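Peer 1: Taking the working numbering, the leading residue of the sequence shown gets 138, the next gets one more, and so forth. For glycine and all other residues, C-beta sits at the position ideal for the given N, C-alpha and C. Note that the structure is a prediction, hence the values are computed from the model and not measured. Would you mind keeping the following structure in view while I ask a few things?
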Amino acid sequence: MRVHIRSVIMVLQVLVATVSTSLAADAEYIWAENDFSGSTLYMSSYRNGSWGKKELIFADGNLNILPALGSDSGGNHLAVWVTLLANDRSVLKYSWREDNGWTEPAILRDSFKENLAPVVLFDAVDMPWIIWSANDGNDDDIYAVSYANEIWSLPLRLNTDNEVPDILPQVRLGLSDDIIISWQQLGKDDLYRQMTATLGGRGRYVKSILQARKKTRQMLVTQKDAEIPLPPYEANSRSTLHFPGRQGLQSTVIRKRFDK
Numbered sequence: 138m139r140v141h142i143r144s145v146i147m148v149l150q151v152l153v154a155t156v157s158t159s160l161a162a163d164a165e166y167i168w169a170e171n172d173f174s175g176s177t178l179y180m181s182s183y184r185n186g187s188w189g190k191k192e193l194i195f196a197d198g199n200l201n202i203l204p205a206l207g208s209d210s211g212g213n214h215l216a217v218w219v220t221l222l223a224n225d226r227s228v229l230k231y232s233w234r235e236d237n238g239w240t241e242p243a244i245l246r247d248s249f250k251e252n253l254a255p256v257v258l259f260d261a262v263d264m265p266w267i268i269w270s271a272n273d274g275n276d277d278d279i280y281a282v283s284y285a286n287e288i289w290s291l292p293l294r295l296n297t298d299n300e301v302p303d304i305l306p307q308v309r310l311g312l313s314d315d316i317i318i319s320w321q322q323l324g325k326d327d328l329y330r331q332m333t334a335t336l337g338g339r340g341r342y343v344k345s346i347l348q349a350r351k352k353t354r355q356m357l358v359t360q361k362d363a364e365i366p367l368p369p370y371e372a373n374s375r376s377t378l379h380f381p382g383r384q385g386l387q388s389t390v391i392r393k394r395f396d397k
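Set out below in structure tokens:
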């Protein structure tokens, strides 16, 4: 009996994805700690009811803050963070996890004056996305980029042009595999309102934008999974809990905290 090669390859891909998922941690935590020369990025995994030891991702003499983490169905990881520079500038840097450790960090974008609050998502076809808020010298806007053929796309602005800050994005996959990004818009009345954009055409354009009616004086915060305890590590800035193998909400943000 003749076996079709393409069918065999597809079966092997499913098996690899299944094994990778079964070996995945329940959660992974990425954070930054200050040291004498700058700050260091670490990662820890939550398995069998407990958090593991620190795993070094990157360290240098700069102040690195606001790290985010994501992974695809095969267990490939992408870390993104903000590095503070002189003259009140900041850039996004990223690194891939390989068998022998993490790759040398590269700058994602340096065309904006400020780059803050990145989040990571892998879509339904395992394409990585980074969403963050950037300031061009006027106000903050929400941008998204994707990665294909070893090239990052040009930034796609998600919010309509305005004169108020759009900040703190969050991202998830919808039921129809749409990419859904929510963020907070600070109005001229100093109240926050949640905005939500849905990307269509595999992320090529903004399909819709919704504006919540409710306003609040406090920034909205995503709650962590109640079944997973907070990691026993203190970060120098907000950090990220990542849930490998999840398709919908793949990560959640933990604000800088002083309590355990």
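1) Within the segment 260-299, note down every full beta strand (DSSP E) run reaching 3 residues or more, in order along the chain.
2) Could you tell me the distance, in whole angstroms, from the CA atom of Y166 to the CA atom of A349?
3) Where D273 and D247 are concerned, what is the direct C-alpha to C-alpha distance, given to the nearest angstrom?
4) Just tell me which of R383, G207, S176 has its CA closest to the CA of D197.
5) Do F249 and Q387 have their beta-carbon atoms positioned less than 8 Å apart in this structure?
6) For D326, which three-state DSSP category applies?
7) Of all the options E170, R341, F173, A223, which has the alpha carbon lying nearest to the alpha carbon of A285?
8) If I measure Cβ to Cβ from D163 and keep anything under 7 Å in the same chain, skipping five residues before and after, which residues do I get?
9) What residues in its chain sit with their C-beta under 7 Å from that of T353, if we drop five residues either side in the sequence?
10) Can A254 and P306 be called in contact, C-beta distance under 8 Å?
11) Over the uninterrupted beta strand (DSSP E) stretch that includes I304, give me the two end residues.
12) Note down the Cα distance separating G428 from S174, rounded to an integer number of angstroms.
13) What does a CB cutoff of less than 8 Å around N199 pick up in its chain, not counting 5 residues either side in sequence?
14) Judging by CA-CA distance, which residue of Q384, D326, W233 is the nearest neighbour of I194?
15) Which first and last residues belong to the beta strand (DSSP E) in which I346 is found?
16) Locate the beta strand (DSSP E) running through A223, then write down its first and last residues.
17) Am I right that D303 and D277 are in contact with their C-beta atoms under 8 Å? What's the rounded C-beta distance?
18) As an exercise, report each continuous beta strand (DSSP E) stretch of at least 3 residues that is fully enclosed by the segment 172-223, in chain order.
19) In this structure, how does DSSP classify A162 when only helix, strand and coil are distinguished?
20) How many angstroms separate the CA atom of L346 from the CA atom of D315?
21) For I288, which of G324, I267, M332 has the nearest alpha-carbon?
22) Mark Q355 as exposed unless 16 or more other C-beta atoms lie within 10 angstroms of its C-beta, in which case mark it buried.
23) Are the beta-carbon atoms belonging to S181 and P368 less than 8 Å from one another?
24) Could you check whether L215 and V257 sit closer than 8 Å to each other, using their CB atoms as the reference points?
25) Can you tell me where the beta strand (DSSP E) holding S376 begins and where it ends?
Peer 2: Looking at the coordinates:
1) For the segment 260-299, whole beta strand (DSSP E) runs of length 3 or above, ordered along the chain, are 265-272, 277-285.
2) Rounded to whole angstroms, the separation of the alpha carbons of A349 and Y166 is 30 Å.
3) Computed Cα separation, rounded: 11 Å.
4) When each option's Cα is compared against that of D197, the closest is S176.
5) The answer is no: Cβ separation not under 8 Å.
6) In the structure shown, D326 falls within a coil segment according to DSSP collapsed to helix, strand and coil.
7) Of the candidates E170, R341, F173, A223, the one whose C-alpha sits nearest the C-alpha of A285 is R341.
8) Within the same chain, D163 has close Cβ partners Y183, R184, I365.
9) Closer than 7 Å at Cβ, skipping near neighbours: L328, Y329.
10) Yes, these two residues count as a Cβ contact at 8 Å.
11) I304 -> beta strand (DSSP E) spans 303-310.
12) Given a span of 138 to 397 for the chain in the structure shown, any question on residue 428 remains unanswerable.
13) Within the same chain, N199 has close Cβ partners G175, S176, T220, L221, L222.
14) With distances taken between Cα atoms, I194 lies closest to W233.
15) Per DSSP, I346 belongs to the beta strand (DSSP E) from 342-353.
16) DSSP places A223 outside any beta strand (DSSP E), giving it a letter other than H or E.
17) With 8 Å as the limit, D303 and D277 qualify as a contact, their Cβ atoms being about 6 Å apart.
18) Runs of the beta strand (DSSP E) inside the segment 172-223: 176-184, 192-197, 200-208, 214-221.
19) Annotated three-state conformation of A162 is coil, per DSSP.
20) Reading off the sequence, residue 346 comes out as Ile, not Leu. I346 and D315: Cα-Cα distance of roughly 13 Å.
21) Of the listed residues, the one whose Cα sits closest to I288 is I267.
22) Burial call: exposed.
23) Yes, Cβ-Cβ distance for S181 and P368 is below 8 Å.
24) The Cβ-Cβ distance between V257 and L215 falls below 8 Å.
25) Its beta strand (DSSP E) spans residues 376-379.
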